[in-house]
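Participant: Sequence lines, in order, name chains A and B.
Position in the first sequence (from 1) plus 10 gives the number in this note's numbering.
Position in the second sequence (from 1) plus 604 gives the number in this note's numbering.
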Amino acid sequence: MKALLNRLPIETYVVAFTVALWIALSLTAPNFLSQNNISNMMRQTSIAGIVAIGVTCTIVIAGIDLSVGSVVAFCGVAFAQMCGHGLGLAPAAAITLLAGLTVGLINAVAIGRLGIPAFIVTLAGLQVYRGLALLLSGGMTVGGLPPEVKDFARGTAALPNLFWTMLAVAIVFHYLLRYTRTGRYMYALGSNAEAARRQGINTFRITLTAYVMSSGLAALGGLLLVSRLSIASPSMANAYELQAIAAAVVGGASLFGGRGTVLGAVVGAILFTTMSNAAVLLSVDPFWEMVLEGLLIALVVYLDNLQKRRQSGA
Amino acid sequence: MQAVMNSCNEPVLLEARGITKHFGAVTALEEVSLQLLAGEVLGVVGDNGAGKSTLMKVLSGLIRPSGGELLFQGQPIYFHSPRDAHRAGIEMVYQDLALAGNMPIFENIYLGREPGRNVAGLTVVDRAKARRLATEHLDRLHIQVTSVDQNVEDLSGGQRQAVAIARATAFDARVVIMDEPTAALAIKEVGKVLDLIKRLKDHGVGVILISHRMDDVFYVCDRVMAIFRGRNFAESPLKDTTRNEVIGWIMGTKGHSAALAHDKVH
Ligand SMILES: Nc1ncnc2c1ncn2[C@@H]1O[C@H](COP(=O)(O)OP(=O)(O)O)[C@@H](O)[C@H]1O
Ligand SMILES: [Mg+2]
Numbered sequence: 011m012k013a014l015l016n017r018l019p020i021e022t023y024v025v026a027f028t029v030a031l032w033i034a035l036s037l038t039a040p041n042f043l044s045q046n047n048i049s050n051m052m053r054q055t056s057i058a059g060i061v062a063i064g065v066t067c068t069i070v071i072a073g074i075d076l077s078v079g080s081v082v083a084f085c086g087v088a089f090a091q092m093c094g095h096g097l098g099l100a101p102a103a104a105i106t107l108l109a110g111l112t113v114g115l116i117n118a119v120a121i122g123r124l125g126i127p128a129f130i131v132t133l134a135g136l137q138v139y140r141g142l143a144l145l146l147s148g149g150m151t152v153g154g155l156p157p158e159v160k161d162f163a164r165g166t167a168a169l170p171n172l173f174w175t176m177l178a179v180a181i182v183f184h185y186l187l188r189y190t191r192t193g194r195y196m197y198a199l200g201s202n203a204e205a206a207r208r209q210g211i212n213t214f215r216i217t218l219t220a221y222v223m224s225s226g227l228a229a230l231g232g233l234l235l236v237s238r239l240s241i242a243s244p245s246m247a248n249a250y251e252l253q254a255i256a257a258a259v260v261g262g263a264s265l266f267g268g269r270g271t272v273l274g275a276v277v278g279a280i281l282f283t284t285m286s287n288a289a290v291l292l293s294v295d296p297f298w299e300m301v302l303e304g305l306l307i308a309l310v311v312y313l314d315n316l317q318k319r320r321q322s323g324a
Numbered sequence: 605m606q607a608v609m610n611s612c613n614e615p616v617l618l619e620a621r622g623i624t625k626h627f628g629a630v631t632a633l634e635e636v637s638l639q640l641l642a643g644e645v646l647g648v649v650g651d652n653g654a655g656k657s658t659l660m661k662v663l664s665g666l667i668r669p670s671g672g673e674l675l676f677q678g679q680p681i682y683f684h685s686p687r688d689a690h691r692a693g694i695e696m697v698y699q700d701l702a703l704a705g706n707m708p709i710f711e712n713i714y715l716g717r718e719p720g721r722n723v724a725g726l727t728v729v730d731r732a733k734a735r736r737l738a739t740e741h742l743d744r745l746h747i748q749v750t751s752v753d754q755n756v757e758d759l760s761g762g763q764r765q766a767v768a769i770a771r772a773t774a775f776d777a778r779v780v781i782m783d784e785p786t787a788a789l790a791i792k793e794v795g796k797v798l799d800l801i802k803r804l805k806d807h808g809v810g811v812i813l814i815s816h817r818m819d820d821v822f823y824v825c826d827r828v829m830a831i832f833r834g835r836n837f838a839e840s841p842l843k844d845t846t847r848n849e850v851i852g853w854i855m856g857t858k859g860h861s862a863a864l865a866h867d868k869v870h
């Protein structure tokens, strides 16, 4: 928390803004503090947060991953289909996660070896994996999942299981990014790729790590979303990539690379979850909610730009 | 190991023989050779685009030459990456510094060589140790910074240069190559860099200094060589040449052109 406050003022504002929103909501919307609403928000935040942590990894290396929403849907549908065809839960989950890691591998090879811009590669992925999700499901919702799937998301141990899952992911990735060489090389690569290369850092290995993290966490997000919805739909997780990028950026990640934290991504995800929750509780037109969220993202990116210019102009 | 000697019977530390480098249709270097002795400061001069930086990137393992060979203490040596050059004790301060702006000073100094321990196949960086080592090293170099936790992007040009030099000297280098280290510095900072080069020399380190500033070359170098359009052009111990002659070499003139060279420069 201290590190967060010491760093970019943007993150501090985001935390302050979120807390202010909570206070305002608890005063105006009587349901806001109900146990039900809080658990619901925690579950919603968890999946968004996990996906946002993955996307943050790609933003840190000055890349981007636009495919995560589609990967969530593809992996979710694949998992549901495998369960439906009698494969055990554990093998189905393992294969789903492996599929996610493979997506990351493909992205990294296209970006790091073939030199195609990350934006293009993952934009193509956004189409491809959504298409595969539709193909795998025949365009239909996949149901009939074993009860254990549903039970996991419903379950709580003081806090919802989903929230514990996000906390575990956040702690592991915070540690990886902040304290391991691999994590530090991700920041170095995003900050100055040529400098990283000249210090003998294997930049492809780092690129691979970042995209595998992103797709892997999207696959995990797919499993959790299926658990939460207790069905898999090929159209689920629509625009998750935008939410995740927005959460990362609002949490202090820079689209120029070299900047961004796990904590920031989680805080960003909490903010956006709070905003959509507020819209529901206060019966704000969801169209207006979209407009407001869009303006917030634009504002934050503008501030990021301003800071970048100030630094390079100094 | 038997020491390899040059013609004057001094031990040669690093040698490049007939280095050629093509970038597509551009020939940046053609059959360039160079010898560096231990405890020697070699000045390398040449016009913009002469090929100085390219030659140094070959010596530091960043660029693989199209032809020619490198010898370290007389043994042929092949660099597949700057890591190999680092292992041999060859360090370089790049013209563009190659620092990661939004990382702190101490991480820049140890980038790629962080102290740490292995945990489950991952190296966990010992940040406290890196911070302490960086602070001690900067102290030894008489480089003052507010804190090693400052991001490099928040430093002045001179301080950034100092961080790049600190990186190149943090690991007991045998050879330190500096590409235009004083070009962007204020006079006071230039003096510090040149004094540091002298101290490296006193410790037996071989230093290659690329500079446009004749004051620098004539203050610290033992020998100067000129590259002109990607080829060896001229070379001399410093005591046997003059500023005007060296300026003439940079422009590709030899012999009695001192006056002419002087006119062209001013
Ligand atoms: N990566 C590269 N790709 C293509 N041409 C290059 C590259 N690096 C250097 N050159 C060319 O090689 C020549 C020598 O450049 P350089 O070594 O930077 O010169 P100097 O450092 O002496 O000013 C120039 O013509 C330059 O344009
Ligand atoms: Mg140069």
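Think of the CB as a built atom: it goes at the ideal place given N, C-alpha and C, for glycine as much as any other residue.
The alpha helix (DSSP H) that contains residue 690 of chain B, what's its start and end?
Facilitator: First-last of the alpha helix (DSSP H) with residue 690 of chain B: 686-692.
Participant: May I have a chain-ordered list of the alpha helix (DSSP H) segments no shorter than 4 residues that lie completely inside the region 769-825 of chain B?
Facilitator: Segments of the alpha helix (DSSP H) lying fully in the region 769-825 of chain B: 791-806 and 818-824.
Participant: At a Cβ cut of 7 angstroms, what residues of the region 168-196 of chain A count as close to chain B, listed as they run along the chain?
Facilitator: Against chain B - using a Cβ distance shorter than 7 angstroms - the residues of the region 168-196 of chain A are 189, 190, 191, 192 and 194.
Participant: How many Å lie between residue 154 of chain A and residue 738 of chain B at the Cα?
Facilitator: Distance between the alpha carbons of residue 154 of chain A and residue 738 of chain B: 60 angstroms.
Participant: Over the uninterrupted beta strand (DSSP E) stretch that includes residue 641 of chain B, give me the two end residues.
Facilitator: 630-641 is the extent of the beta strand (DSSP E) around residue 641 of chain B.
Participant: So residue 685 of chain B contacts chain A; which residues on that side make the cut at Cβ distance below 8 angstroms?
Facilitator: Residues of chain A passing the Cβ test: 210.
Participant: Below 8 angstroms, can you find three or more Cβ-Cβ pairs linking the region 723-736 of chain B to the region 762-775 of chain B?
Facilitator: Verdict: no, contact absent.
Participant: Quick one: does the C-beta of residue 836 of chain B sit closer than 6 angstroms to a heavy atom of ligand 1?
Facilitator: No.
Participant: Check the DSSP bridge columns for residue 728 of chain B and list the partner residues they point to.
Facilitator: Paired residue(s): A:190 and B:721.
Participant: What did DSSP end up calling residue 170 of chain A once you bin it into helix, strand or coil?
Facilitator: It is a strand residue.
Participant: May I have the straight-line CA-CA distance separating residue 141 of chain A from residue 37 of chain A, to the nearest angstrom?
Facilitator: Roughly 44 angstroms separates the two Cα atoms.
Participant: Is the Cβ-Cβ distance between residue 220 of chain A and residue 196 of chain A less than 7 angstroms?
Facilitator: In this structure, residue 196 of chain A lies closer than 7 angstroms to residue 220 of chain A by Cβ.
Participant: Can you look up residue 683 of chain B in the DSSP assignment and give me helix, strand or coil?
Facilitator: It is coil, neither helix nor strand.
Participant: To the nearest angstrom, report how far apart residue 226 of chain A and residue 251 of chain A are at their CA atoms.
Facilitator: Those two C-alpha atoms are separated by around 14 angstroms.
Participant: Note down the Cα distance separating residue 605 of chain B from residue 680 of chain B, rounded to an integer number of angstroms.
Facilitator: Its pLDDT being 45, under 50, residue 605 of chain B is placed unreliably in this model, and the value from its coordinates should be taken loosely. Going from the Cα of residue 605 of chain B to the Cα of residue 680 of chain B covers about 14 angstroms.
Participant: Quick one: Cα of residue 333 of chain A to Cα of residue 75 of chain A, how far?
Facilitator: This structure cannot speak to residue 333 of chain A, because chain A is shown only from 11 to 324.
Participant: Could you give the distance in angstroms between the alpha-carbon of residue 835 of chain B and the alpha-carbon of residue 798 of chain B?
Facilitator: About 27 angstroms.
Participant: Taking three-plus beta-carbon pairs below 8 angstroms as touching, is the region 225-243 of chain A in contact with the region 703-713 of chain B?
Facilitator: No: fewer than three Cβ pairs fall under 8 angstroms.
Participant: Output, in chain order, the set of chain B residues within a Cβ distance shorter than 7 angstroms of residue 204 of chain A.
Facilitator: The contacting residues are 702.
Participant: Counting only the same chain and skipping the five closest in sequence on each side, list residues whose C-beta sits under 8 angstroms from that of residue 31 of chain A.
Facilitator: Cβ neighbours of residue 31 of chain A beyond the five flanking positions: 281, 284, 285 and 288.
Participant: Of the residues that make up the region 719-736 of chain B, which ones have a beta carbon closer than 9 angstroms to any beta carbon in chain A?
Facilitator: So the list reads 720, 723, 726, 727, 728, 729 and 731, given in the order they occur along the chain.
Participant: Quick check on the contact list: which residues have their beta carbon closer than 6 angstroms to a heavy atom of ligand 1?
Facilitator: Spelled out in chain order, the answer is B:627, B:630, B:632, B:650, B:652, B:653, B:654, B:655, B:656, B:657 and B:658.
Participant: How far does the alpha helix (DSSP H) with residue 51 of chain A in it reach, from first residue to last?
Facilitator: Looking at the DSSP string, the run of the alpha helix (DSSP H) that includes residue 51 of chain A is 45-70.
Participant: Tell me the rounded alpha-carbon separation between residue 78 of chain A and residue 65 of chain A.
Facilitator: Answer to the nearest angstrom: the Cα atoms are 8 angstroms apart.
Participant: Listing by chain order, which chain B residues have their CB less than 9 angstroms from the CB of residue 198 of chain A?
Facilitator: Near residue 198 of chain A (Cβ distances below 9 angstroms), the residues of chain B are 704, 707, 711, 712, 715 and 716.
Participant: Just how far apart, CA to CA, sit residue 112 of chain A and residue 223 of chain A?
Facilitator: Their Cα atoms are separated by approximately 11 angstroms.
Participant: So which of B:781, B:741, B:842 and B:807 has the shortest CA-CA distance to residue 827 of chain B?
Facilitator: Nearest C-alpha to residue 827 of chain B: B:842.
Participant: Quick check on this structure: which residue in A:90, A:46 and A:256 has the alpha carbon closest to the alpha carbon of residue 309 of chain A?
Facilitator: Cα-wise, what sits closest to residue 309 of chain A is A:256.
Participant: Who does residue 242 of chain A pair with in a DSSP beta bridge?
Facilitator: BP columns for residue 242 of chain A point to A:152.
Participant: Strictly under 7 angstroms for the Cβ-Cβ distance: is residue 12 of chain A near chain B by that measure?
Facilitator: Because the pLDDT at residue 12 of chain A is just 45, under 50, the model does not fix this residue reliably, and the point stays unresolved.
Participant: For the region 75-143 of chain A, list the alpha helix (DSSP H) runs that are entirely contained and at least 4 residues long, ordered along the chain.
Facilitator: For the region 75-143 of chain A, whole alpha helix (DSSP H) runs of length 4 or above, ordered along the chain, are 78-94 and 99-118.
Participant: Mind checking whether the beta-carbon of residue 765 of chain B lies closer than 6 angstroms to any heavy atom of ligand 2?
Facilitator: Flag unset: Cβ of residue 765 of chain B not near ligand 2.
Participant: State the start and end residues of the unbroken beta strand (DSSP E) segment that holds residue 269 of chain A.
Facilitator: Here residue 269 of chain A belongs to no beta strand (DSSP E), and DSSP marks it neither H nor E.
Participant: Confirm the yes/no value for this check: CB of residue 699 of chain B, any heavy atom of ligand 2, distance under 6 angstroms.
Facilitator: Yes, ligand 2 has a heavy atom inside 6 angstroms of this Cβ.
Participant: Does residue 269 of chain A get closer than 7 angstroms to chain B when you measure Cβ to Cβ?
Facilitator: At least one chain B Cβ lies under 7 angstroms of residue 269 of chain A.
Participant: Could you say if the region 167-175 of chain A and the region 53-72 of chain A meet the contact criterion of at least three C-beta pairs nearer than 8 angstroms?
Facilitator: As far as the Cβ criterion goes, the region 167-175 of chain A touches the region 53-72 of chain A, which means the pair count is three or higher.
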